[in-house]
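Numbering (our numbering), first residue to last: 170 to 273.
See below for the structure under consideration.
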């Protein structure tokens with residue numbers, strides 16, 4: 170199972186129901202809507218897309234697990250591409266997508 174976590178270098182500023190993220194490595198800002206801000210806040214600790222999807226279902230009226238999971242996976246993919254997240258397998262070390270791991 171893939172687990173996701175925030176990229177520690179990314180800075181976040183919460184707004185009313187949204188958030189603004191700044192990635193210093195790309196020098197880009199990203200405005201998150203309410204749902205994406207919920208996903209970002211869910212990633213305070215490492216978790217899977219299924220765990221985030223379950224949270225969406227519990228916190229957003231009228232959303233089913235069948236609807237939520239593909240949307241969460243798409244959102245996580247976009248956030249990975251933007252360098253906002255890191256991902257890894259289960260308890261494995263989390264690394265930024267595209268980052269080369271040096272082996273001793």
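Heads up, the beta-carbon is just placed ideally off N, CA and C, and yes, glycines get one too.
Treat the numbers as computed from the prediction; the structure is a model and nothing was measured.
- Here residue 221 has 208, 211, 241 as same chain residues with Cβ atoms under 7 Å from its own Cβ, once five neighbours each way along the sequence are excluded.
- Taking the CA atoms as reference points, residue 170 sits about 18 Å from residue 237.
- Excluding sequence positions up to five before and after residue 232, its CB lies within less than 7 Å of the CB of 225, 226, all in the same chain and listed in chain order.
- In this structure, residue 253 lies away from residue 196, with their beta-carbon atoms at least 7 Å apart.
- In the DSSP assignment, residue 229 falls outside any alpha helix (DSSP H) and carries neither an H nor an E.
- Rounded to whole angstroms, the gap between the alpha carbons of residue 192 and residue 230 is 31 Å.
- Selection 235, 189, 174 evaluated against residue 214 yields 174 as nearest (Cα-Cα).
- Annotated three-state conformation of residue 212 is coil, per DSSP.
- With fewer than 16 neighbouring CB atoms inside 10 Å of its own CB, residue 178 falls in the exposed class.
- Residue 180 sits in a strand when the DSSP states are folded into three classes.
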